[in-house]
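Chains as they are written, first to last, in our numbering: chain A, -1 to 183; chain B, 8 to 187.
Backbone N, C-alpha and C fix where the C-beta goes; we use that ideal spot for every residue, glycine too.
In this text, all values refer to a predicted model and were calculated from it rather than measured experimentally.
Single-structure report; data block below.
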Amino acid sequence: MTSRPKQSILDKPLSKGKGDLNLSSFAFLFSEMVQYCQNRVHTVPELQQKLSDLGQHVGFRILDTLFLREKNYKREIKLLNMLLFVKTTVWKTLFGKEADKLEHANDDDKTYYIVEKDPLVNKFISVPKDKGSLNCAAFTAGIVEAVLNGCGFPAKVTAHWHRGTTYMIKFDEAVILRDKSMEGR
Amino acid sequence: MSRQAGRGTEAKKVSAELFTLTYGALVAQLIKDYESDEEVNKQLDKMGYNIGVRLIEDFLARSSVGRCHDFRETADVIAKVGFKMFLGITPTVANWSPAGDEFSLIVDNNPLTEFVELPDGHQNLNYSNLLSGVLRGSLEMVQMEVDVTFLQDALKGDNTTEIRLKFIRRLEDALPAGEE
């Protein structure tokens, strides 16, 4: 009935990404998403997993956009640079500011933390008393996880209530070994 | 009129890309969760309705728009103030019915569809159907029952996106306590 578009999406120039929108629009959308997910699960961990899955959808897509636009088509291969890329470029593009802190766990070389005092996604969510551990920043954690996985740094990222919100990044053993073997080159 | 609206409650901003991609994630999830495009449309409309019901409060608080006296004024406010405020675009109001109870919003540069290409096999999906729910829900809160449909969709190869609004009736009995 309808014809295919004459111009495919790849023919269009990549957006510069400078646009912004009313925060309320995002807040309304996100809150509907949280409620939608909540209606389909029974436990808090399941809900967080669903939000993380949605975040991963975003993460995989923003990743290529950013390397094309900001990094001159070059991917990061060093762990620290990759983490800094997440803390600065990814955060600035999505949330308009850098993440507050990036830390390495003292007792575990596989674990890193990104700390954010007041995450955007939690601003409009009031956590019900019986679901105290729920953190909708699981959505952001999903974004970070997808960005890291998409760049060849397999990791598990989870959101926790600690100094505001802390994203705990646990890398696969292989990532750390590879990074060590690259040192000095 | 609209420019000076909401001073002091100046709207905070968020990256348009975050919004677009988040909406995309939602639609992709719904497509996984539901069997048919029609059901996805229905779910998007429902979520839009829930948003509209709440969004109207935000809108009225931030804008200095008073009561609209006729449907033409409503159309103007939706296009020039409402869409501008929440999506940063101003659709064109066009194709009035002779009776003045139906019009179209012609939407170019729909921020919901930046980056989006509909895969084959989803010809019945109204990707931006959330908008129709938002329009329906928010107008219902100001006592107007309307019917909202997508006549054209740029994602489906049409030249533009056209949303049709039809005035059904005034919801007189739904006046909240304390009004009038």
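Classify A/Lys48 as buried or exposed, calling it buried when 16 or more other Cβ atoms lie within 10 Å of its own Cβ.
Locating residue 48 of chain A in the first sequence gives position 50, counting from the first residue. Label assigned to A/Lys48: buried.
Whole-angstrom distance between A/Leu66 and A/Phe58, CA atom to CA atom
As a working note, residue 58 of chain A is residue 60 in the first sequence. As a working note, residue 66 of chain A is residue 68 in the first sequence. Using only the alpha carbons, I get a separation of about 13 Å.
Across the region 45 to 55 of chain B and the region 37 to 45 of chain A, are there enough close Cβ pairs to call them in contact, namely three or more that are closer than 8 Å?
no
Could you name the residues of the same chain whose beta carbon sits closer than 8 Å to that of A/Asn120, not counting the 5 residues immediately before and after it, in chain order?
Residue mapping note: residue 120 of chain A aligns to position 122 of the first sequence, counting from 1. Once the five neighbours on either side are set aside, the close Cβ partners of A/Asn120 are Asn133, Cys134, Ala135 and Thr163.
Between the beta-carbon of B/Leu112 and the beta-carbon of B/Ile58, is there less than 8 Å?
For the purposes of this step, residue 112 of chain B is taken as residue 105 along the second sequence, with counting starting at 1. For the purposes of this step, residue 58 of chain B is taken as residue 51 along the second sequence, with counting starting at 1. Contact: no.
Contact residues within the region 60 to 76 of chain A, judged by C-beta distance below 8 Å to chain B:
Ile60 and Thr63
Per DSSP, A/Met166 is paired with what?
The residue labelled residue 166 of chain A in the question sits at position 168 within the first sequence. Answer is A/Tyr111 and A/Thr156, bridged to A/Met166.
For a contact meaning CB atoms closer than 8 Å, what does A/Gly17 contact in chain B?
As a working note, residue 17 of chain A is residue 19 in the first sequence. Simply Ser22, Ala23, Glu24, Gly95 and Pro118.
Residue interval of the alpha helix (DSSP H) (run including A/Val88)
Residue numbering aside, residue 88 of chain A sits at position 90 when the first sequence is read from its first letter. No alpha helix (DSSP H) holds A/Val88; DSSP gives it neither H nor E.
Which residue from B/Val84, B/Arg177 and B/Lys53 puts its Cα closest to that of B/Ser139?
As a working mapping, residue 139 of chain B is identified with position 132 in the second sequence. Ranking B/Val84, B/Arg177 and B/Lys53 by Cα distance to B/Ser139 puts B/Lys53 first.
Could you give the C-beta distance for A/Ile60 and A/Val88, rounded to a whole number, given that I count them as a contact under 8 Å?
The count along the first sequence starts at 1 and reaches residue 60 of chain A at position 62. The count along the first sequence starts at 1 and reaches residue 88 of chain A at position 90. With a Cβ gap of about 7 Å, A/Ile60 and A/Val88 count as contacting.
Please return the same chain residues whose Cβ sits closer than 6 Å to the Cβ of A/Ala97, not counting the five positions on each side in sequence.
The residue given as residue 97 of chain A occupies position 99 in the first sequence. Counting only Cβ-Cβ distances below 6 Å, and skipping sequence neighbours, we find Lys85, Trp89, Ile112 and Glu114.
Considering only the alpha carbon of each residue, which of A/Tyr110, A/Pro126, A/Lys154 and A/His158 lies closest to A/Leu81?
Counting from 1 along the first sequence, the entry for residue 81 of chain A is found at position 83. It is A/Tyr110.
Just how far apart, CA to CA, sit B/Thr120 and A/Asp105?
Residue numbering aside, residue 120 of chain B sits at position 113 when the second sequence is read from its first letter. Residue numbering aside, residue 105 of chain A sits at position 107 when the first sequence is read from its first letter. Spanning the two alpha carbons is a distance of roughly 45 Å.
For B/Ala101, the residue or residues it bridges with in DSSP:
Locating residue 101 of chain B in the second sequence gives position 94, counting from the first residue. In DSSP, B/Ala101 forms a bridge with B/Ser111.
Look up B/Met151 in the DSSP assignment and say whether it is helix, strand or coil.
Translated into the one-based positions of the second sequence, residue 151 of chain B becomes position 144. In the structure shown, B/Met151 sits in a strand (DSSP, three-state: E or B).
Quick one: what does DSSP say B/Asp77 is sitting in, helix, strand or coil?
Within the second sequence, numbered from 1, the residue matching residue 77 of chain B stands at position 70. Three-state DSSP puts B/Asp77 in coil, outside helix and strand.
Less than 8 Å between the C-beta atoms of A/Pro117 and A/Thr91, yes or no?
Locating residue 117 of chain A in the first sequence gives position 119, where the first residue counts as 1. Locating residue 91 of chain A in the first sequence gives position 93, where the first residue counts as 1. Contact: no.
Chain A contact for B/Gly31 (CB, 8 Å cutoff):
Start at 1 with the first residue of the second sequence, and residue 31 of chain B comes out as number 24. Taking CB atoms only, B/Gly31 has a neighbour in chain A less than 8 Å away.
Coarse secondary structure for B/Ile58, derived from DSSP in three states:
Sequence index remark: in the second sequence, residue 58 of chain B carries index 51 (1-based). If DSSP states are grouped into helix, strand and coil, B/Ile58 belongs with the helices.
Counting pairs of beta carbons, one from the region 128 to 135 of chain B and one from the region 146 to 155 of chain B, are three or more of them closer than 8 Å?
no
Chain A contact for B/Arg61 (CB, 8 Å cutoff):
On the second sequence, residue 61 of chain B is found 54 positions in, with the first residue counted as 1. Yes - at least one Cβ of chain A is within 8 Å of the one on B/Arg61.
Euclidean distance between Cα positions of A/Lys69 and B/Lys173
Taking the first sequence and counting its residues from 1, the one referred to as residue 69 of chain A is at position 71. Taking the second sequence and counting its residues from 1, the one referred to as residue 173 of chain B is at position 166. Distance between the alpha carbons of A/Lys69 and B/Lys173 is about 48 Å.
With H, G and I counted as helix, E and B as strand and the rest as coil, what does DSSP make of B/Leu178?
Within the second sequence, numbered from 1, the residue matching residue 178 of chain B stands at position 171. It is coil, neither helix nor strand.
Quick one: using the 10 Å Cβ neighbour count with 16 as the cut-off for buried, is B/Asp77 buried or exposed?
Walking along the second sequence from the start, residue 77 of chain B turns up at place 70. Per the 10 Å Cβ criterion, exposed.
So, helix, strand or coil for A/Ile75, using DSSP?
As a first step, residue 75 of chain A is located in the first sequence; it is residue number 77 there, counting from the start. Coil at A/Ile75, not helix or strand.
Status (buried if at least 16 other CB within 10 Å, exposed otherwise) for B/Tyr30
The residue labelled residue 30 of chain B in the question sits at position 23 within the second sequence. Residue environment analysis places B/Tyr30 among the buried positions, since at least 16 neighbouring C-beta atoms fall within 10 angstroms of its C-beta.
Going by DSSP, what residues sit across from A/His102 in a beta bridge?
For the purposes of this step, residue 102 of chain A is identified with residue 104 of the first sequence, where counting begins at 1. For A/His102, which the question treats as bridged, DSSP gives the partners A/Tyr110.
Pick out whichever of B/Pro98, B/Ala32 and B/Leu51 has its Cα sitting closest to the Cα of A/Leu52.
Taking the first sequence and counting its residues from 1, one reaches residue 52 of chain A at position 54. The option with the nearest alpha carbon to A/Leu52 is B/Ala32.
C-beta neighbour in chain B for A/Leu45, strict 8 Å:
Within the first sequence, numbered from 1, the residue matching residue 45 of chain A stands at position 47. Cβ-Cβ to chain B under 8 Å: no for A/Leu45.
Reference B/Leu158, options B/Glu109, B/Gly144 and B/Ser145, closest by Cα
Position 151 of the second sequence, counting from 1, holds the residue named residue 158 of chain B. Out of B/Glu109, B/Gly144 and B/Ser145, B/Glu109 has the C-alpha closest to the C-alpha of B/Leu158.
Restricting to runs no shorter than 4 residues, where is the alpha helix (DSSP H) found entirely within the region 4 to 53 of chain A?
21 to 36
Do A/Phe151 and A/Leu100 count as a contact pair if the criterion is CB distance below 8 Å?
Counting from one through the first sequence, the residue named residue 100 of chain A turns up at place 102. Counting from one through the first sequence, the residue named residue 151 of chain A turns up at place 153. Taking 8 Å as the Cβ cut-off, A/Leu100 and A/Phe151 do not qualify as a contacting pair.
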